[in-house]
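There are 2 protein chains.
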Amino acid sequence: MNHMDWNAYAALCPTRQALDRIADKWTVLILGLLCDGPMRFNAIRRRVEGISQKVLSQTLKSLERDGLVVRTAYPTVPVTVEYAITPIGASLADTVTPLRRWAEENIESILRARRAYDQAEVQMADAAFNSPIQR
Amino acid sequence: MNHMDWNAYAALCPTRQALDRIADKWTVLILGLLCDGPMRFNAIRRRVEGISQKVLSQTLKSLERDGLVVRTAYPTVPVTVEYAITPIGASLADTVTPLRRWAEENIESILRARRAYDQAEVQMADAAFNSPIQR
DNA sequence: CCGCATCCTTACCGATACTG
DNA sequence: CAGTATCGGTAAGGATGCGG
């Protein structure tokens, strides 16, 4: 069975799990950082604003488990730990970077649509309030 | 302020919210479907295996709010509702499709890495059990 | 410095029932 | 057909403290 037979729309397809793993808040950001070079735990923590130590730890661990990053611990005191991206991780980063760029380029349009939508919603609510008999 | 000034690594940057919205399990799949043409609610529901009616409803609503899809209701009995992708939604789908493909092409490698990792883990656990004094 | 363990709160999600 | 409303379980995530 080669990869042409798979489709992420099937519930049990492992591809679905892969997608789920990729599609979390932090993976995209972390991979984006690491493809510029290896980085230490707290350095990543500082760069990715808002991530907690616990969640960063979990995320890095699962990235390592999937072979997307490698963890190297140097026996210094205190211990130094470096995370680096793997070739396969880099290939993922390549496909995921455009996504981050898209978000940066299109956020204004999204915010505009959002305001328009919310405005239309309150107007509907007002109309319903002013002529409740219509309901 | 143009989009060059934004970066998703800042916690308060709206780009971050955009990324969070994109990066959920279902958005990628739904956009992928809709860029082949408009589709009705239950048709989407059937194609995206495992999604509940509630979550599909929520997801479509927020996609509409962000201007990524448009909802059209035809006054038939019973009502017919069609969801179509917008130009900006299509541009997102274009950057997100490679991601789905990446998942399909690399899942085997990921599963292999995962097995290796888990195996190494139980070996560590065994070693600890067999010579607890070492810990 | 780099985590893991614990507690605790919150947000998500499925199941179910009901409307137009 | 295409939803909305409500309830209850579960799992994610923040806060804190400890250990190698």
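For the record, the sequence lines run as chains A and B. Be aware that the first sequence starts at 1, since it is given in my numbering, and climbs by one per residue. Be aware that the second sequence starts at 1001, since it is given in my numbering, and climbs by one per residue. Where is the CB? At the ideal position from N, CA and C, for every residue including glycine.
Counting only runs of at least 4 residues, the region 1005–1065 of chain B fully encloses the following alpha helix (DSSP H) elements, listed from N- to C-terminal order: 1014–1022, 1027–1034, 1041–1047, 1053–1065. In this structure, A/LEU63 lies away from A/VAL48, with their beta-carbon atoms at least 7 Å apart. The beta-carbon separation of A/GLY67 and B/ALA1113, rounded to 3 Å, stays under the 8 Å limit for a contact.
Within the region 1105–1120 of chain B, those residues whose Cβ lies closer than 9 Å to any Cβ of chain A are, in chain order, GLU1105, ASN1106, ILE1107, GLU1108, SER1109, ILE1110, LEU1111, ARG1112, ALA1113, ARG1114, ALA1116, TYR1117, ASP1118.
Chain B places no beta carbon closer than 7 Å to that of A/GLU82, leaving this residue out of the contacts. Taking 7 Å as the threshold, the shortest C-beta distance from B/THR1097 to chain A does not fall below it. Cβ neighbours of B/ASP1024 within its own chain (closer than 7 Å, five residues either side excluded): none. Secondary structure of B/VAL1077 (DSSP, three-state): coil. B/GLY1089 places its beta carbon less than 7 Å from that of B/VAL1069. Within the region 1018–1030 of chain B, contact with chain A at the beta-carbon level (separation under 7 Å) is assigned to ALA1018, LEU1019, ASP1020, ILE1022, ALA1023, ASP1024, LYS1025, VAL1028, LEU1029. A/GLN119 and B/ARG1071 have their alpha carbons spaced roughly 17 Å apart. With a contact defined as Cβ atoms closer than 8 Å, B/LEU1092 and B/ILE1022 qualify at about 7 Å. Of the residues assessed, B/ALA1008 falls on the buried side of the cut-off, its CB having 16 or more other CB atoms within 10 angstroms.
CA-CA distance, A/GLN123 to A/GLN53, rounds to 43 Å.
Cα atoms of A/VAL79 and A/ALA73: separation of roughly 7 Å, rounded to the nearest angstrom. By the Cβ neighbour-count rule, B/ASN1042 is exposed, with fewer than 16 other Cβ atoms within 10 Å of its own. Per DSSP, reduced to three states, the secondary structure at B/THR1086 is coil, with no helix or strand assignment.
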